[in-house]
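Reading the sequence shown from the start, the letters are residues 1 to 153 in the working numbering. From the three backbone atoms N, C-alpha and C, an ideal C-beta is built for every residue, glycine too. To keep things clear, I will list the structure first and then write my remarks on it.
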Amino acid sequence: MKDVATTANIVAASAHDGQSDKPGAPYITHPARVAAAARDAAPAHLAEQAEAVGWLHDVVEDTSITIGQLRVHGFPEPVLAGVDAMTKRRGEPVEDYFARVRADALARIVKKADLDDNTNPERLDKLDAATRARLTTKYQRARALLTLTDADQ
Numbered sequence: 001m002k003d004v005a006t007t008a009n010i011v012a013a014s015a016h017d018g019q020s021d022k023p024g025a026p027y028i029t030h031p032a033r034v035a036a037a038a039r040d041a042a043p044a045h046l047a048e049q050a051e052a053v054g055w056l057h058d059v060v061e062d063t064s065i066t067i068g069q070l071r072v073h074g075f076p077e078p079v080l081a082g083v084d085a086m087t088k089r090r091g092e093p094v095e096d097y098f099a100r101v102r103a104d105a106l107a108r109i110v111k112k113a114d115l116d117d118n119t120n121p122e123r124l125d126k127l128d129a130a131t132r133a134r135l136t137t138k139y140q141r142a143r144a145l146l147t148l149t150d151a152d153q
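Right, here's the structure in full:
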């Protein structure tokens, strides 16, 4: 059987097939960078699961794949919980979303890697000025919400 990160790579590549990111690159390049960064940032005992969540972090939110379908692929519960925590719900206040991300160790690691990739100047420079400004503001708020503690609320 393949390891969990390899299986996540395969599932994500299939799910995101044909999608492009805002600058026009194949979308899968974003989860690939997030997965690698999450693996590098995670403690050794969480590295493979963090990588798997990195590959899958946008699959449920941006494709027709469900958590149940990921479960059928054999992903362990911590990976499923991390992906679920990373998945925004329609109409959900951003504060609630980030509270859920902060509550899950894998989601915290992956969300930081996701924000780092989304704010990479090389990627942002490929966008028009209005989009770049909007996203810069959005991601600054996201970083602040990701780093909140219970004492901050």
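Problem - Bounding residues of the alpha helix (DSSP H) (the contiguous stretch that carries N120) - result: Unbroken run through N120: none, as it is neither H nor E.
Problem - Limits of the alpha helix (DSSP H) - the one that E92 falls within - result: Where E92 is concerned, there is no enclosing alpha helix (DSSP H), given that its DSSP letter is neither H nor E.
Practice task
Consult DSSP for A151 and reduce its assignment to one of helix, strand or coil.
Solution key: Because the pLDDT of A151 is 42, which lies under 50, any placement of that residue in the model is unreliable, and the number read from its coordinates should be weighed accordingly. DSSP, read as helix, strand or coil, puts A151 in helix.
Exercise for the section: Please report the Cβ distance between A59 and A107, rounded to the nearest whole angstrom; I am assuming they are in contact, meaning their Cβ atoms lie under 8 Å. Expected result: Checking the sequence, you will find Val at residue 59 rather than Ala. Separation of the CB atoms of V59 and A107 is rounded to 14 Å, and the pair is thereby denied contact status at 8 Å.
Problem - C-beta atoms of R102 and L46 nearer than 8 Å - result: At a Cβ-Cβ threshold of 8 Å, R102 and L46 do not count as neighbours.
Problem - Alpha-carbon spacing of T66 relative to D96, whole angstroms - result: In a straight line, the C-alpha of T66 is about 21 Å away from that of D96.
Practice task
Measure the Cβ-Cβ separation of V72 and H57 and say whether it is below 8 Å.
Solution key: Taking 8 Å as the cut-off, the Cβ atoms of V72 and H57 do not count as close.
Exercise for the section: Quick one: give me the first and last residue of the alpha helix (DSSP H) that K138 is part of. Expected result: Where K138 is concerned, the enclosing alpha helix (DSSP H) stretches over A129 to L146.
Practice task
Scan the region 11–45 and note each continuous alpha helix (DSSP H) run of 4 residues or more that stays entirely inside, going in chain order.
Solution key: The region 11–45 contains these whole alpha helix (DSSP H) runs: 29–41.
Handout entry: Check whether W55 and N120 have beta carbons under 8 Å apart
Key = Cβ distance not < 8 Å, so W55 and N120 don't count as in contact.
Problem - DSSP three-state assignment for I67, whether helix, strand or coil - result: If DSSP states are grouped into helix, strand and coil, I67 belongs with the helices.
Exercise for the section: Look at A38 and E48 and say whether their C-beta atoms are less than 8 Å apart. Expected result: Going by beta carbons, A38 and E48 fall outside the 8 Å limit.
Handout entry: Close-in-space but distant-in-sequence residues of the same chain around L115 (CB under 8 Å, 5 per side omitted)
Key = If we look at L115 and ignore the five residues flanking it on each side, its Cβ neighbours are Y139, A142, R143 and L146.
Exercise for the section: Measure the Cβ-Cβ separation of I109 and A44 and say whether it is below 8 Å. Expected result: Result no, Cβ atoms of I109 and A44 do not sit closer than 8 Å.
Practice task
Can you grab the Cα-Cα spacing for the pair E92 / G82, in whole Å?
Solution key: Their Cα atoms are separated by approximately 17 Å.
Practice task
Measure the C-alpha to C-alpha separation of L135 and P76 and round it to an integer number of angstroms.
Solution key: Cα to Cα, L135 sits roughly 33 Å from P76.
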